[in-house]
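Undergrad:
Residue numbers (our numbering): 2 to 298.
1. Secondary structure at residue 94, three-state DSSP: helix, strand or coil?
2. Tell me residue 137's beta-bridge partners as DSSP assigns them.
3. State yes or no: is the C-beta of residue 242 within less than 7 Å of the C-beta of residue 39?
4. Kindly identify the DSSP beta-bridge partner or partners of residue 45.
5. For residue 99, write down the residues that DSSP places opposite it in a beta bridge.
6. Enumerate in chain order the residues of its own chain whose CB-to-CB distance from residue 195 is below 6 Å, with the five nearest sequence positions on each side excluded.
7. Would you say the region 246–257 touches the region 74–90, given that touching needs at least three Cβ pairs under 8 Å?
8. Going by other Cβ atoms of all chains shown within 10 Å of its Cβ, with 16 needed for buried, is residue 214 buried or exposed?
9. Note down the Cα distance separating residue 98 from residue 207, rounded to an integer number of angstroms.
10. Measuring alpha carbon to alpha carbon, tell me which residue in 25, 49, 35 is nearest residue 259.
11. Relative to the C-alpha of residue 158, which candidate in 92, 256, 95, 198 has its C-alpha closest?
12. Give me the Cα-Cα distance between residue 34 and residue 160, rounded to the nearest whole angstrom.
13. Enumerate, from N- to C-terminal direction, the unbroken alpha helix (DSSP H) stretches of 4 or more residues contained entirely within the region 159–193.
14. In this structure, does DSSP put residue 219 in helix, strand or coil?
15. So, for residue 267: in the same chain, excluding its five sequence neighbours on each side, which residues have a beta-carbon less than 8 Å away from its beta-carbon?
16. Is it buried or exposed for residue 216, if we count other Cβ within 10 angstroms and need 16 for buried?
17. Can you look up residue 224 in the DSSP assignment and give me helix, strand or coil?
18. Determine the DSSP secondary structure at residue 239, reduced to helix, strand or coil.
19. Roughly how many angstroms lie between the CA atoms of residue 271 and residue 184, to the nearest whole one?
20. If you compare alpha carbons, which of 281, 130, 144, 204 is closest to residue 162?
21. Have a look at 177, 118, 30 and flag the residue whose alpha-carbon is nearest the alpha-carbon of residue 167.
22. By how many angstroms is the C-alpha of residue 169 removed from the C-alpha of residue 300?
23. Under 8 Å by Cβ, that's how I've got residue 90 and residue 80 pegged, so tell me the actual separation to the nearest angstrom.
24. Leaving out five residues on either side along the sequence, give the residues of the same chain with a beta carbon under 8 Å from the beta carbon of residue 154.
25. Is residue 87 a contact residue of the ligand HEM, with contact defined as CB to any heavy atom under 6 Å?
26. Provide the residue span of the alpha helix (DSSP H) that contains residue 152, from first to last.
27. Do residue 52 and residue 132 have their beta-carbon atoms positioned less than 7 Å apart in this structure?
28. Figure out for me which residue from 85, 223, 112 has the closest Cα to the Cα of residue 197.
29. Please report the residue range of the alpha helix (DSSP H) in which residue 66 lies.
30. When the distance is taken between beta carbons, is residue 219 closer than 7 Å to residue 189?
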């Protein structure tokens, strides 16, 4: 795989009026297919003509490189430590998907000083002018470091399976996020459902619990079935959305199409920029109300 010549695209692109919409993909626990969802959702948006930047923000556990079979030459940490431009760390994946690797020392990124943040701000704002969507693949669970990124995003996608432990951890994550920002739009994606009914039952239970105990709303983004093509695609290091026999791949394409229908008219008007919100959160000590958000992975 070649390093993506982002500079050429930046020079050739027409300045966009709206900032990229930032979506944080998160889960209450590991092993639910979160990174695979983030990757294939990004590709699905790309297939619909949207420009997408996928950023791996999983602390020391980045999976995007593994899922794609690409060894990134540079990461977010390199950009901060060496003051690199965004285009110097962006890699290209299938279907010309742009992505940025987490790096082995991603914790250093979250401990950057004021100068490092100023550089990150400059480069991220440039990226927001270039893309329609920036997808953040967060680590499992919630930490003080990752909370800021989730809270600063325009919306989040919470991935769960139908297993009770996964649902419980997803609810705990939703509860913590809502306690810090009740207005953050949240979407639920049920992964690995044995059939449509099981997935719908899981979604209905999650929505009911969130409404009853948190007095909040979470929208159902979609349900992905258990699909034998997915383990094969992981072993082959190829996205399942590009596997012609993948049921989950076909559903992911439709899911992304449905997602875009209400989002087409969205602009940056009336929205605080991702960087603006993140800066405000970090200046207040990591979270808007100063709470310790670390509750395990």
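All residues carry an ideal CB built from backbone N, CA and C; glycine is no exception.
Keep in mind that this is a model prediction, so the values were computed, not measured.
TA: From the atom records:
1. Within the chain shown, numbered from 1, the residue matching residue 94 stands at position 93. Three-state result, residue 94: coil.
2. Residue mapping note: residue 137 aligns to position 136 of the chain shown, counting from 1. DSSP lists 25, 56 as the beta-bridge partner residues of residue 137.
3. To locate residue 242, count along the chain shown from 1; it is residue 241. To locate residue 39, count along the chain shown from 1; it is residue 38. In this structure, residue 39 does not lie closer than 7 Å to residue 242 by Cβ.
4. As a working mapping, residue 45 is identified with position 44 in the chain shown. BP columns for residue 45 are empty, so no partner.
5. The sequence position of residue 99 within the chain shown is 98, counting from 1. Bridge partners of residue 99: 54, 93.
6. The count along the chain shown starts at 1 and reaches residue 195 at position 194. So the list reads 227, once near-sequence residues are dropped.
7. no
8. Against the chain shown, residue 214 aligns to sequence position 213. Looking at its Cβ environment, which holds fewer than 16 other Cβ atoms inside 10 Å, residue 214 is exposed.
9. The residue you call residue 98 lines up with position 97 of the chain shown. The residue you call residue 207 lines up with position 206 of the chain shown. Taking the straight line joining both Cα atoms gives about 32 Å.
10. In the chain shown, residue 259 corresponds to position 258, counting from 1. When each option's Cα is compared against that of residue 259, the closest is 49.
11. Along the chain shown, read from residue 1 onward, the residue named residue 158 stands at position 157. Per the Cα distances, 256.
12. One-based indexing of the chain shown puts residue 34 at position 33. One-based indexing of the chain shown puts residue 160 at position 159. Straight-line Cα distance between these residues: approximately 8 Å.
13. 165–181
14. Mapped onto the chain shown, residue 219 falls at position 218. Reduced to three states, the DSSP call for residue 219 is coil.
15. The residue labelled residue 267 in the question sits at position 266 within the chain shown. Its pLDDT being 49, under 50, residue 267 is placed unreliably by the model, and the measurement read from it follows with that caveat. Closer than 8 Å at the Cβ level, and outside the excluded window around residue 267, lie 19, 22.
16. Sequence index remark: in the chain shown, residue 216 carries index 215 (1-based). Flag for residue 216 reads exposed.
17. Here residue 224 is taken as the residue at index 223 of the chain shown, counted from 1. Note: residue 224 maps to strand in three-state DSSP.
18. Here the question's residue 239 lines up with position 238 in the chain shown. Correct three-state label for residue 239: coil.
19. If you number the chain shown from 1, residue 271 lands on position 270. If you number the chain shown from 1, residue 184 lands on position 183. Its pLDDT being 48, under 50, residue 271 is placed unreliably by the model, and the measurement read from it follows with that caveat. Distance between the alpha carbons of residue 271 and residue 184: 14 Å.
20. Here residue 162 refers to the residue found at position 161 of the chain shown. Per the Cα distances, 204.
21. Residue mapping note: residue 167 aligns to position 166 of the chain shown, counting from 1. Per the Cα distances, 30.
22. Residue 300 is absent from the structure shown; the chain starts at 2 and stops at 298.
23. To locate residue 90, count along the chain shown from 1; it is residue 89. To locate residue 80, count along the chain shown from 1; it is residue 79. That pair is a contact at about 5 Å.
24. As a first step, residue 154 is located in the chain shown; it is residue number 153 there, counting from the start. 23, 24, 25, 137, 185, 275.
25. Looking at this structure, you won't find the ligand HEM or any other ligand, since it has none at all.
26. What you label residue 152 is simply residue 151 of the chain shown in a count that begins at 1. Per DSSP, residue 152 belongs to the alpha helix (DSSP H) from 145–153.
27. Taking the first residue of the chain shown as 1, we reach residue 132 at position 131. Taking the first residue of the chain shown as 1, we reach residue 52 at position 51. Residue 52 sits close to residue 132, with the two beta carbons spaced by under 7 Å.
28. Residue 197 sits at position 196 when you count from the first residue of the chain shown. It is 223.
29. As a first step, residue 66 must be located in the chain shown, where it is residue number 65. Taken as a continuous stretch (DSSP letters only), the alpha helix (DSSP H) holding residue 66 covers 65–69.
30. Position 188 of the chain shown holds residue 189. Position 218 of the chain shown holds residue 219. Yes.
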